[in-house]
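Remarks on the structure that follows.
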Amino acid sequence: MAGQKIKYTKTERARQKKILKVSLRMLPLFEAMEKSLMSTINTIAERIEEIRQEIDKNNKAAEPWVAVMSDSHVDIKSFISVNKVITKHIDVAGVRVDQYEGVDFNVKPIEDDTPLWVDDAIELMQVQLQLMAEIECLEEQIRLLEEELLDVRARIKLFENRRIPNAKTAIRKIGQKLQDDERLTIATAKVVKTSQKEGVMV
Amino acid sequence: MSSLPSLSFGQVPPITMEEFTQDAKSQLSAKHFKKLEPVDIYKATDSEGKVGLKSISVMLNEMQNDISEIRAAKTQKRTPGLQRLPQAIINANPLEREKLIMRWQWEELDTILAGEMFTLTDVMVYKLRLQILNRLNSFDKEQGKQVLASVVNPPKKEEV
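If you're matching them up, the sequences are chains D and Z in order.
According to the working numbering, the first sequence is numbered sequentially starting from 28.
According to the working numbering, the second sequence is numbered sequentially starting from 1270.
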């Protein structure tokens, strides 16, 4: 409001009242949106934590035999790679995000003379890679939701700190000015009337 | 053969494969060395289909048949019927399974070696055992973890 010139008119007062009415109606909606976004982000963060625990559990289960993966005879890295992470667009708390669907792997065919442990390693790696891909999708969801949350918070701040107080101040000031003007008009009219009466008498 | 250090299952290889190959090249005749070259614990035949030693080839083929049976049984969700490999490998974890298979190979080589002292077969078996020890010695928990991590969680390429 600072520096902004107020038009002291009835039209402007009506406009400011409209702004105040809309702002007071929008504020709870943005507050609800903020709550919803925060709750969704927390739920996603919890899911990420669950997946991390699952990854740790799988790593621990593989610990007794993980040494075999350094087998000088086999380059396990050449057996498996991620071709594509499959996702689908969904709306979460009003934000369009990618939801994890699955992973398409490139898996080298296992020959008869391939050591047996390779089968187990590929199985484990597929599971872990799927979980990691899900985490990446969820982290991206959080990033997008946090962006939206910042935007919503900025709007709430705008309504709480500027639009609503400014509209209220403008309405009050315009009201006072209009009242003053009215009083002045009445007083002037009275003076004119009195002067006219005195003129007639003389 | 008498100049080569003795080998026992599970020990750290006392010589490298390169040292063995150099030694064999200098000690064996060209004909014998040529026969030694295709001998490989991982392959019943070389790329040209040559068999180093028939008994070794038979052992490796039988082992591969059992491995194929384990794979087929897993797909069909049934208990595998093993012909040659020890039954203990069915329920062992992948590391123990490889060790049991290598132990079985080592013992099979004992049978192949019976009565073959100071012959080319003796040298062939020595090469195979050295391969087994090298492989066995490559199993390392920390390195294995690193290999797993490099596949599952590879370092992210920095965006330019």
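Ideal Cβ positions, reconstructed from N, Cα and C, are used throughout, including at glycine.
It should be emphasised that the depicted structure is a prediction, and the values quoted were computed from it without experimental measurement.
- Give a yes or no on whether the minimum CB-CB distance between Z:N1360 and chain D is below 8 Å. No - not a single Cβ of chain D is within 8 Å of the one on Z:N1360.
- Query: Would Z:D1379 pass as a contact of Z:R1353 if the rule is Cβ separation under 8 Å?
  - Reply: No, these two residues do not count as a Cβ contact at 8 Å.
- Taking Cβ positions, are D:V130 and D:V112 nearer each other than 8 Å? Taking C-beta atoms as the reference points, D:V130 and D:V112 count as a pair closer than 8 Å.
- Query: Are the region 166-178 of chain D and the region 66-79 of chain D touching, with three or more C-beta to C-beta distances below 8 Å?
  - Reply: As far as the Cβ criterion goes, the region 166-178 of chain D touches the region 66-79 of chain D, which means the pair count is three or higher.
- Message: Do Z:D1409 and D:S105 count as a contact pair if the criterion is CB distance below 8 Å?
- Response: Cβ atoms of D:S105 and Z:D1409: not closer than 8 Å.
- Message: Given this structure, state the Cα-to-Cα distance separating Z:V1429 from Z:A1361, to the nearest angstrom.
- Response: Note that Z:V1429 has pLDDT 47, beneath the 50 cutoff, so the model's placement of it is unreliable and the number below is only indicative. Cα to Cα, the separation comes out at about 47 Å.
- Counting Cβ pairs closer than 8 Å, one from the region 157-169 of chain D and one from the region 77-87 of chain D, do we hit at least three? Of all C-beta pairs linking the region 157-169 of chain D to the region 77-87 of chain D, three or more are shorter than 8 Å, placing the two stretches in contact.
- Item | chain D contact residues for Z:F1408, given Cβ-Cβ distances below 7 Å | Here the neighbours are A94, V95, S97 and D98.
- Nearest-angstrom Cα separation, counted from D:E128 out to D:T196: Near 53 Å, if we compare the C-alpha coordinates of D:E128 and D:T196.
- Message: With distance defined between alpha-carbon atoms, name the residue in D:V109, D:I107 and D:L54 nearest to D:A10.
- Response: For residue 10 of chain D there is no data in the structure shown, the boundaries of chain D being 28 and 229.
- Task: For Z:Y1395, write down the residues that DSSP places opposite it in a beta bridge.
- Result: None, per the DSSP bridge assignment.
- Are the beta-carbon atoms of Z:P1355 and Z:I1339 separated by less than 8 Å? Taking 8 Å as the Cβ cut-off, Z:P1355 and Z:I1339 do not qualify as a contacting pair.
- Could one say the Cβ of D:K104 lies closer than 8 Å to chain Z's Cβ atoms, at least one of them? At least one CB atom of chain Z sits nearer than 8 Å to the CB of D:K104.
- Message: Quick check on the burial criterion: 16 or more other C-beta atoms within 10 angstroms. Buried or exposed for Z:F1387?
- Response: Result: exposed.
- Drop a sphere of 10 angstroms on the beta-carbon of Z:G1413, count the other beta-carbons inside from all chains shown, and report buried for 16 or more, exposed for fewer. That one is buried.
- Message: Considering just the uninterrupted stretch of the alpha helix (DSSP H) at D:Q80, what are its terminal residues?
- Response: Unbroken alpha helix (DSSP H) run through D:Q80: K37 to A89.
- Which partner residues of D:N133 appear in the DSSP bridge assignment? In the DSSP assignment, D:N133 is bridged to D:S108.
- Message: Would the region 56-63 of chain D count as touching the region 135-143 of chain D if we require 3 or more Cβ pairs under 8 Å?
- Response: No, they do not touch.
- DSSP beta-bridge partners of D:R123: The partner list for D:R123 (beta bridge, DSSP) reads D:D118.
- For the alpha helix (DSSP H) that contains D:E174, what are its first and last residues? Unbroken alpha helix (DSSP H) run through D:E174: W144 to L185.
- Consult DSSP for D:I213 and reduce its assignment to one of helix, strand or coil. D:I213 falls in the helix class under three-state DSSP.
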